[in-house]
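**Student:** I'd like to ask some things about the structure below.
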Amino acid sequence: MGLAAIVGGISLVPLSLAFSLYGKVPLPVTFVLGHAAAAGLVVAASASSEATARRTTGLLGKDRRTGRIAPAAVAAWWPYQLGLRCKLWIQWRKNKGPKGEPLYNKVTPQLYIGGWPKSQSALPPAPDLSVVDVTCELPRTHETAGRYLCLPTWDTHAPDAAAIEGAVDWAIEELRAGREVYVHCAHGHGRSATVLAAILIADGQAGGADDAVRLMRAARPKVRLNKKQHAGLMAWIAHTARLKN
Numbered sequence: 001m002g003l004a005a006i007v008g009g010i011s012l013v014p015l016s017l018a019f020s021l022y023g024k025v026p027l028p029v030t031f032v033l034g035h036a037a038a039a040g041l042v043v044a045a046s047a048s049s050e051a052t053a054r055r056t057t058g059l060l061g062k063d064r065r066t067g068r069i070a071p072a073a074v075a076a077w078w079p080y081q082l083g084l085r086c087k088l089w090i091q092w093r094k095n096k097g098p099k100g101e102p103l104y105n106k107v108t109p110q111l112y113i114g115g116w117p118k119s120q121s122a123l124p125p126a127p128d129l130s131v132v133d134v135t136c137e138l139p140r141t142h143e144t145a146g147r148y149l150c151l152p153t154w155d156t157h158a159p160d161a162a163a164i165e166g167a168v169d170w171a172i173e174e175l176r177a178g179r180e181v182y183v184h185c186a187h188g189h190g191r192s193a194t195v196l197a198a199i200l201i202a203d204g205q206a207g208g209a210d211d212a213v214r215l216m217r218a219a220r221p222k223v224r225l226n227k228k229q230h231a232g233l234m235a236w237i238a239h240t241a242r243l244k245n
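FYI, in UniProt numbering the residues of the sequence shown are 1 to 245.
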């Protein structure tokens with residue numbers, strides 16, 4: 001199920017409550033419920049198609065250069081941010097068990113894949129680490145000795161071919177400089193895997209899409225590209241083939 005369906009469905013709950021409780025509860029309560037519903041429905045509409053998803057990655061206020069989200073944007077979109085953080089907290093708690101998934105895994109000697117690092121200490125312990133952030137909804141919370149690239153993308157979607165190509169060129173430059181590279185999204189399963197697959201192929205470490213996915217799954221078994229992400233990776237492969245001709 002895509003982000004739009006999940007968030008849109010959940011947003012109907014506060015929307016229904018706002019209508020049913022109007023005039024029966026204090027006005028601020030109705031306002032909060034309406035705000036929560038409106039925020040969720042706007043996010044759902046923004047992520048409802050590939051076309052809108054690629055045009056609205058700045059909706060939540062994330063700065064592409066710094067990776068930070070301004071306080072005003074957090075205040076405007078707090079219902080979505082609150083729900084997202086609760087979801088991540090539940091996932092982190094679940095992964096603390098003996099069968100839990102680590103935040104990140106090392107795929108090759110220089111490449112990591114994983115989820116959102118909520119603090120500096122959550123990053124892989126590499127002395128010269130560069131980071132590719134494939135989220136548009138989560139803020140950068142760290143500084144690294146290497147460099148930082150933000151490739152803002154909605155959950156369950158993929159960057160377009162040109163954006164992937166830019167990330168690939170950037171990452172390979174970091175690898176050639178001897179740095180390790182951490183590619184992350186929220187959970188380290190889809191968006192980050194789409195970009196890392198392209199890096200592996202371009203760097204000659206994987207022979208194609210299926211080979212790249214097998215390599216990532218060997219290190220992180222829950223890696224899975226959905227249809228949109230697989231299509232995005234294949235579009236990048238076709239894009240690079242055209243550039244070579």
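For every residue, glycine included, the Cβ atom is placed at its ideal position computed from N, Cα and C.
(1) So who's on the other strand from Ile69, going by DSSP bridges?
(2) Which runs of the beta strand (DSSP E) at least 3 residues long sit entirely within the UniProt domain "Tyrosine specific protein phosphatases" (162–231)? Give them in chain order.
(3) In this structure, how does DSSP classify Leu121 when only helix, strand and coil are distinguished?
(4) Can you name, in chain order, every residue of its own chain whose Cβ lies under 7 Å from the Cβ of Ile69, other than the five neighbours on each side?
(5) First and last residue of the beta strand (DSSP E) that includes Tyr80?
(6) For His239, collect the residues of the same chain with a Cβ closer than 6 Å to its Cβ; drop the 5 residues on either side in sequence, then sort them by chain order.
(7) In the DSSP assignment, find the beta strand (DSSP E) that holds residue 252 and state where it starts and stops.
(8) Nearest by alpha-carbon distance to Gly100: which of Leu200, Ile90, Lys106 is it?
(9) In the structure shown, what three-state DSSP assignment does Leu130 receive?
(10) Comparing alpha-carbon positions, which option in Glu143, Ala39, Lys96, Gln110 lies nearest Ala75?
(11) Which stretch, first to last residue, makes up the alpha helix (DSSP H) that contains Val7?
(12) Could you check if Tyr80 is buried or exposed, using at least 16 other CB atoms within 10 Å of its CB as the buried criterion?
(13) Return the chain-ordered list of same chain residues with a C-beta closer than 8 Å to the C-beta of Ile10, the five sequence neighbours on each side being excluded.
(14) With DSSP collapsed to three states, give me the class of Lys244.
(15) Check the C-beta distance from Ile113 over to Leu196 and give it rounded, since I have them as a contact under 8 Å.
(16) Could you tell me the boundaries of the alpha helix (DSSP H) in which Val29 lies?
(17) Just how far apart, CA to CA, sit Cys86 and Asn245?
(18) State buried or exposed for Gly190, treating a residue as buried only when at least 16 other CB atoms are found within 10 Å of its CB.
(19) Can Leu103 and Ala122 be called in contact, C-beta distance under 7 Å?
(20) According to DSSP, which residues form a beta bridge with Leu149?
(21) Under a three-way DSSP split, which group does Thr57 fall into?
**Tutor:** To lay it out plainly:
(1) Lys62
(2) 180–184
(3) For clarity, residue 121 is Ser in the given sequence; the question names Leu instead. Ser121: helix per DSSP, three-state reduction.
(4) Leu60, Gly61, Lys62, Pro139
(5) Element bounds for Tyr80: not the beta strand (DSSP E) but the alpha helix (DSSP H), 78–95.
(6) Ala161
(7) The question about residue 252 has no answer, for the chain in this structure spans 1 to 245.
(8) With respect to the C-alpha of Gly100, the residue from Leu200, Ile90, Lys106 having the closest C-alpha is Ile90.
(9) According to the sequence provided, residue 130 is Ser. The question's Leu does not apply to it. Note: Ser130 maps to strand in three-state DSSP.
(10) Ala39
(11) 3–21
(12) buried
(13) Gly40, Gly83
(14) helix
(15) 5 Å
(16) Its alpha helix (DSSP H) spans residues 27–46.
(17) If I take the Cα positions, the gap works out to 48 Å.
(18) Result: buried.
(19) yes
(20) Val132
(21) coil
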